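Reviewing the structure listed below.
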Amino acid sequence: MKQGTTDTEQVAGQKRLMGITWRSLLLGCALIPVNCYWVTVIEVKYYALDGSCLPLFIEPVFILFIVTLLNFLLSNRWRQSSLTQGELLTIYIMLVMSMTLAGHDTIQNMFGTIVHPFWFATPENEWEDLFFRYIPGWLTITDRTVLEGFYDGESTIYAEKNFRPWIVPLILWGAFFLVLIFLLMCITVILRKRWTHEEKLAFPIIQLPLGMTHQRDGKLVLFTSKVMWIGFGVAGVIDIINGFHYIYPAVPYLKWVKLNDIGHYFTEKPWNAIAGTSISMYPFAIGIAFFLPLDLSFSCWFFFVFRLFERVVGSALGLRSLPRFPYFNEQASGSWIGLALVALWVSRRQIRDVFKKVIGFGQDIDDSNEPLPYRWAVIGAILSMAFITVFCHLVGMTIQVVFAFFGIYFLLSIAMARVRAEFGAPHEIYFVNPHDILASVIGTRRFSPSNLTMMSMFYWFNRCYRNHPMPNQLEAFKMSESARMSNRKLLLAMLLATLVSLLATYWANLDVTYRNGGNAAAVGFKDWLGWESFNRLQGWLFNPTLTDLPSVIFMSTGLALTFILMVMRMRFFWWPFHPAGYALAISFAMDYFWFAFFISWLVKWILLKQGGMGMHRKAMPFFLGLILGDYVVGSIWAIVGPIMDITNYKIFI
């Protein structure tokens with residue numbers, strides 16, 4: 003202890019260092035409903051911003067920006083009462099947890115799925131005869147008078163006749179999803195030490211929130227960087243101009259930053275096979291890609307170009323007997339499963355140590371700094387899986403299908419968490435999910451109608467995984483360690499945030515949808531997800547299939563290529579291709595970003611070649627500024643738009 007420092011002062015200093023305090027928890031809980039409602043309004047009613055579709059969520063960064071600046075201004079007068087970095091990060095992490103429920107691919111989708119068939123069933127589609135009897139009444143609402151306000155709007159959820167029927171289904175679905183999130187957290191605890199401490203993965207996504215909250219001598223270090231403000235200004239000016247164009251069309255529009263179709267330049271066969279290809283130069287995407295390793299950013303755009311080449315070759319060779327050639331979804335399915343298996347293989351010693359600790363033979367294995375003791379993490383995972391199994395069995399799924407379905411889901415979760423931790427790249431993997439994989443490999447004829455129906459009811463959290471909980475959980479614990487916070491207290495904060503977020507998201511979706519109507523003014527309502535899910539189920543039941551051999555072959559090809567790329571990467575230092583780049587490029591993740599990644603890769607390559615790591619470090623604030631400027635100004639337009647009751651400019655898509 004330093005001379006003149008009392009025990010009380012030392013304890014107080016330790017509490018401030020840990021960062022997870024009552025006031026940070028209260029502030030986080032107070033901001034969660036604000037964030038959830040904002041996200042719901044702009045994504046469900048106006049279909050604007052799409053802040054939950056990106057690996058670094060927009061809304062939490064904007065709120066952190068505002069809270070950090072207010073905290074800095076107030077600290078000039080009340081220095082001792084200002085929020086520490088740990089407290090600011092606690093608030094940010096709680097908001098990130100809220101995005102995993104309020105965002106694009108979870109609870110929003112749930113509301114668009116679980117009641118969909120009972121509103122849209124017609125004599126023509128025969129849904130009632132095909133599968134209504136397989137949907138338990140306690141998981142949905144069948145009363146069309148309740149659903150009338152939900153779909154037509156100009157109603158209110160605060161009327162008892164509208165609210166009461168939702169109580170039981172939402173409690174049951176909420177319990178199911180909370181348990182699933184906790185199970186993912188247990189898996190994160192089991193695997194994270196290997197990835198965080200031993201492999202020392204880069205975690206590029208956390209660089210911005212850490213930089214925004216880092217303080218030295220009472221100053222916010224990142225915000226004192228002129229280079230950062232230049233990047234902020236470049237992105238901000240672009241967004242200001244484009245935002246005003248939406249309100250005043252006479253203002254010029256800088257369309258080159260958004261998606262621009264280049265496919266129309268290729269009109270002759272076989273080049274017309276790449277019709278629909280677009281390029282973009284999103285400032286935030288260029289900024290995020292700068293923090294990716296060069297081999298990954300190169301692999302992302304290279305394999306996207308290779309993907310276009312495959313389409314051209316298929317057209318030139320006339321491979322019409324394979325109508326889905328070159329089976330990108332199937333290649334992607336095999337590749338992502340391959341990445342998961344590789345991740346588990348490199349973590350095998352960590353998994354072995356965890357189980358040694360659980361059975362009492364690992365006394366020398368230290369888990370004191372883990373969010374949960376390993377024994378409790380394993381017990382928690384087992385009990386959670388038992389709950390999910392019982393839940394699914396009660397709703398009509400057989401035990402074998404439950405384990406096959408969620409086995410694939412957890413493999414995909416592990417792969418996405420690993421890719422995010424190592425590279426921070428977008429993991430927007432469309433149509434790589436347990437439903438399609440099982441339907442292709444096993445065939446729908448071998449599943450009972452009740453199994454197929456409940457798999458379709460689970461489509462709401464399996465269509466895409468853009469705001470998947472597990473990558474965000476892993477990054478939260480990494481931020482905690484970087485800021486010297488308590489992982490165990492952070493775990494409690496994350497669980498609290500998840501519970502509060504579930505309630506806030508339920509309220510926000512019901513309020514917004516009953517006011518505006520799912521099929522009326524809510525232009526971003528996810529009824530199209532319900533159509534995808536149940537039209538596909540209708541096809542499965544009308545035309546049952548056996549194993550799709552071409553699909554299995556291309557899945558195996560994707561799996562094999564992933565293993566080959568990984569072996570080459572491990573054996574040869576000069577090997578330029580990364581298997582994650584292949585998986586990302588063929589699974590829709592790169593469709594929006596490939597050209598922005600190319601630009602960022604080229605700039606980074608030139609900087610490293612001409613100026614080395616010193617030049618790279620000097621340039622980093624500029625690219626953080628690109629992200630922050632794009633996010634801040636984009637968020638402001640996402641506030642102005644609802645105030646003016648218009649669909650305003652959005653920085654993405």
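Taken in order, the sequence shown gives residues 3 to 655; the numbers are from this note's numbering.
Where a beta carbon is used, it is the ideal one built from N, C-alpha and C, also for glycine.
These figures come from a predicted structure and were not determined experimentally.
Distance, Cα to Cα, residue i vs residue j?
i, j, result
"PHE246", "LYS195", "48 Å"
"ILE431", "LEU586", "7 Å"
"VAL443", "LEU203", "34 Å"
"ARG313", "CYS55", "27 Å"
"LEU543", "PRO451", "7 Å"
"MET557", "ALA275", "22 Å"
"TYR160", "PHE152", "12 Å"
"ALA1", "ARG468", "The first residue shown for the chain is 3 and the last is 655, placing residue 1 beyond what the model contains."
"THR124", "PHE460", "22 Å"
"TRP168", "LEU174", "10 Å"
"GLY6", "SER83", "Here GLY6 scores only 42 on pLDDT, less than 50, and its place in the model should not be relied on; the value that follows carries that caveat. Their Cα atoms are separated by approximately 22 Å."
"SER317", "MET96", "49 Å"
"GLN217", "ILE288", "26 Å"
"HIS199", "LEU561", "28 Å"
"ALA423", "GLU156", "44 Å"
"ALA177", "VAL525", "29 Å"
"GLY583", "SER301", "5 Å"
"LEU149", "TRP121", "7 Å"
"PHE408", "PRO436", "8 Å"
"ARG18", "ARG25", "Per-residue confidence for ARG18 stands at a pLDDT of 43, beneath the threshold of 50, marking its modelled position as unreliable; the derived number appears in the next sentence. Answer to the nearest angstrom: the Cα atoms are 11 Å apart."
"VAL170", "PHE306", "45 Å"
"LEU58", "ASP131", "44 Å"
"MET3", "ILE192", "The pLDDT assigned to MET3 is 39, lower than 50, so where the model puts this residue is not dependable, and the model offers no usable value."
"ILE655", "ILE384", "40 Å"
"LEU674", "PHE433", "Here the chain covers residues 3 to 655 and nothing more, so residue 674 does not appear."
"LEU210", "LYS480", "13 Å"
"GLY532", "LEU182", "22 Å"
"GLU61", "VAL41", "8 Å"
"PRO2", "ALA640", "Absent from the model: residue 2. The displayed extent of the chain is 3 to 655, so no value can be given."
"ALA441", "VAL46", "30 Å"
"LYS491", "GLU477", "15 Å"
"ILE208", "ALA50", "24 Å"
"LEU27", "GLN475", "17 Å"
"PHE268", "GLY278", "10 Å"
"TRP303", "PRO578", "12 Å"
"PRO295", "CYS188", "28 Å"
"ASN127", "ARG135", "15 Å"
"ALA252", "ASP241", "16 Å"
"ILE390", "PHE412", "13 Å"
"PHE234", "LEU212", "17 Å"
"ILE653", "GLY636", "6 Å"
Can you tell me which residues form a DSSP beta bridge with residue i?
i, result
"ARG448", "ARG448 pairs with nothing; no bridge assigned."
"ASN262", "ILE281"
"GLN217", "LEU222"
Give the C-beta separation of residue i and residue j to the nearest angstrom, bearing in mind that I take them to be a contact with Cβ-Cβ under 8 Å.
i, j, result
"PRO428", "PHE600", "About 15 Å; that fails the 8 Å criterion."
"ASP355", "GLY364", "6 Å"
"PHE610", "PHE425", "The sequence given here has Leu at residue 610, not Phe. 17 Å between Cβ atoms; not a contact."
"PHE165", "VAL634", "Not a contact, Cβ separation roughly 37 Å."
"ASP438", "GLY114", "With 8 Å as the limit, ASP438 and GLY114 do not qualify as a contact, their Cβ atoms being about 19 Å apart."
"SER589", "ALA291", "17 Å between Cβ atoms; not a contact."
Cβ of residue i versus every heavy atom of the ligand NAD: is any distance shorter than 7 Å?
i, result
"LEU504", "Of ligands this structure carries none, so the ligand NAD is not represented either."
Q: Kindly provide the ranges of any alpha helix (DSSP H) runs that are 4 or more residues long and lie completely inside the stretch 517 to 574, ordered along the chain.
A: 529 to 544, 551 to 573
Q | the stretch 630 to 641 contacting the stretch 330 to 347, beta-carbon criterion three pairs below 8 Å | A | Contact between the stretch 630 to 641 and the stretch 330 to 347 is not established, with fewer than three Cβ pairs separated by less than 8 Å.
Q. Hey, is the stretch 137 to 151 in contact with the stretch 341 to 359, meaning 3+ C-beta pairs nearer than 8 Å?
A. No, because fewer than three Cβ pairs between the stretch 137 to 151 and the stretch 341 to 359 fall closer than 8 Å, the two stretches do not touch.
Q | At least three beta-carbon pairs within less than 8 Å, the stretch 28 to 45 to the stretch 91 to 109 | A | yes
Q: Inspect the CB distances between the stretch 500 to 509 and the stretch 35 to 44 and report whether three or more fall short of 8 Å.
A: yes
Q. Just checking, does the stretch 511 to 525 make contact with the stretch 393 to 404 on the three C-beta pairs under 8 Å criterion?
A. no
Q. Fully enclosed by the stretch 40 to 104, which alpha helix (DSSP H) runs are 4 residues long or longer?
A. 60 to 77, 87 to 104
Q. Using 8 Å as the threshold, is the stretch 221 to 241 in touch with the stretch 603 to 619, meaning 3 or more CB pairs across them?
A. no
Q. Is the stretch 486 to 499 touching the stretch 364 to 379 in the sense that three or more CB pairs, one from each, lie closer than 8 Å?
A. yes
Q) Residue ranges of each alpha helix (DSSP H) run of no fewer than 4 residues wholly in the stretch 412 to 483, ordered along the chain? A) Segments of the alpha helix (DSSP H) lying fully in the stretch 412 to 483: 436 to 443, 451 to 459.
Q: Evaluate the contact criterion for the stretch 248 to 264 versus the stretch 277 to 293: three or more CB pairs, one atom per stretch, below 8 Å.
A: yes
(Q) Which complete beta strand (DSSP E) runs does the stretch 273 to 356 hold, if anything under 3 residues is left out? (A) none
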